[in-house]
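Our numbering applies: residue 21 is where the sequence shown begins, and numbers increase by one.
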Amino acid sequence: MKLQNNIFTALLLAIGFILHQITPGIFGGMKFDFLLSFIFISLLINDTFKNTILTALLGGSLSAMTTTFPGGQIPNIIDKLITCIVLFFVIKYLRRFDFNSLLVGFISGLGTFISGTVFLLSALLITGLPVSFKILLTTVVLPTILVNAVITVFIYQIVKHAMKVSKINL
21 MKLQNNIFTA LLLAIGFILH QITPGIFGGM KFDFLLSFIF ISLLINDTFK NTILTALLGG
81 SLSAMTTTFP GGQIPNIIDK LITCIVLFFV IKYLRRFDFN SLLVGFISGL GTFISGTVFL
141 LSALLITGLP VSFKILLTTV VLPTILVNAV ITVFIYQIVK HAMKVSKINL
C-alpha cells in the first residue's frame, strides 16, 4: 500500500473524527456517527483490502475514543470492522457500475444500517442498552442513515472533484 493512500485515508478519518467529536450525544447516549461518512468515502476511493482493514481499525479506534455511549468502546471497534469488511465486498461487486450519487447514497445507507445494527447488538451483548433495541434503531440508526447518505454523497463529490483538480491518483 502506498504511503500516499495511507495519508489520504488518515486525513479523511481525521476530518470525520473532528465532526464525530463535536457532535453531541442524543437519545440514550447515542450520537450520529459522521465519522462513518468519511470511512465510506475512504473505502469508495481506495478499495483495497489493506485500506479496508486500516480504515476499519482507525475508524473504530477513533469512534471508541469519542463515544458517549456507556461501554461503547468495544462495540465501536467491532461494528467498524464488520461494516468495512462487508462494504469491501459490496463495493467490489458494484465497481462495475458508475458510482453516481444514487449508488454512493445506497452504499452509505447500507453501511450505516450495518454499522448501527452491529453496534447495538454488540453493545446489547457486552454492556446492555439503556433503552430497547427497537427504540434505538428507530430513533438513532434510521435518521442517521438518511443524514449519512446525504452527507456522504455531498462530501464524496467534493473529494472526487478535488482529486481531479489536484491530479491526485490513488
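For every residue, glycine included, the Cβ atom is placed at its ideal position computed from N, Cα and C.
query: Buried or exposed: asparagine 189, going by 16 or more other Cβ atoms within 10 Å of its Cβ?
result: Taking the first residue of the sequence shown as 1, we reach residue 189 at position 169. Classification of asparagine 189: exposed, given that the 10 Å Cβ count is below 16.
message: Nearest by alpha-carbon distance to serine 128: which of Thr147, Leu56, Leu74 is it?
response: Taking the first residue of the sequence shown as 1, we reach residue 128 at position 108. When only C-alpha atoms are compared, the closest one is Leu56.
message: Using the three-state DSSP reduction, which class does leucine 149 fall into: helix, strand or coil?
response: Here residue 149 is taken as the residue at index 129 of the sequence shown, counted from 1. Coil at leucine 149, not helix or strand.
message: Measuring straight from C-alpha to C-alpha, what distance separates asparagine 168 and aspartate 53?
response: As a working mapping, residue 168 is identified with position 148 in the sequence shown. As a working mapping, residue 53 is identified with position 33 in the sequence shown. Computed Cα separation, rounded: 8 Å.
field: DSSP three-state assignment for isoleucine 134, whether helix, strand or coil
entry: One-based indexing of the sequence shown puts residue 134 at position 114. DSSP places isoleucine 134 in helix when its eight states are reduced to three.
message: Quick test of your reading: glycine 79 and leucine 107, contact by CB under 8 Å. State the CB separation rounded to the nearest angstrom.
response: Sequence index remark: in the sequence shown, residue 79 carries index 59 (1-based). Sequence index remark: in the sequence shown, residue 107 carries index 87 (1-based). Not quite, the Cβ-Cβ distance comes to about 11 Å (not below 8 Å), so this is no contact.
- prompt: How would you call leucine 83, buried or exposed, if buried means at least 16 neighbouring beta carbons within 10 angstroms?
  reply: Your numbering for residue 83 matches position 63 in the sequence shown. For clarity, residue 83 is serine in the given sequence; the question names leucine instead. Result: buried.
field: From Thr87, Gln93, Thr72, residue whose alpha carbon lies closest to that of lysine 112
entry: Here residue 112 corresponds to residue number 92 of the sequence shown, with the count starting at 1. Considering only alpha carbons, the answer is Thr72.
field: Check whether isoleucine 61 and threonine 137 have beta carbons under 8 Å apart
entry: Taking the sequence shown and counting its residues from 1, one reaches residue 61 at position 41. Taking the sequence shown and counting its residues from 1, one reaches residue 137 at position 117. In this structure, threonine 137 does not lie closer than 8 Å to isoleucine 61 by Cβ.
field: Buried versus exposed call for leucine 74 [16 or more other C-beta atoms within 10 Å across all chains shown]
entry: Within the sequence shown, numbered from 1, the residue matching residue 74 stands at position 54. Buried, by the Cβ-count rule.
Residue interval of the alpha helix (DSSP H) (run including threonine 164): Here residue 164 is taken as the residue at index 144 of the sequence shown, counted from 1. Segment 162-185, the alpha helix (DSSP H) holding threonine 164.
field: threonine 88 versus histidine 40: straight-line alpha-carbon distance, rounded
entry: Position 68 of the sequence shown holds residue 88. Position 20 of the sequence shown holds residue 40. Spanning the two alpha carbons is a distance of roughly 11 Å.
Residues near leucine 144 in its chain [Cβ-Cβ closer than 8 Å; skip 5 each side]: In the sequence shown, residue 144 corresponds to position 124, counting from 1. These residues qualify, in order along the chain: Phe153.
query: Quick one: what's got a C-beta closer than 6 Å to isoleucine 105's C-beta in the same chain, skipping five residues either side?
result: Residue 105 sits at position 85 when you count from the first residue of the sequence shown. Hits under 6 Å: none found.
- prompt: How is asparagine 71 classed by DSSP in three states: helix, strand or coil?
  reply: Residue numbering aside, residue 71 sits at position 51 when the sequence shown is read from its first letter. The answer is helix: DSSP assigns asparagine 71 an H, G or I state.
query: Smallest Cα separation from proline 70: which of Gly148, Lys22, Leu32?
result: Numbered from 1 along the sequence shown, position 50 holds the residue referred to as residue 70. Sequence inspection shows lysine at residue 70; the proline mentioned does not correspond to that position. The candidate whose alpha carbon is nearest that of lysine 70 is Lys22.
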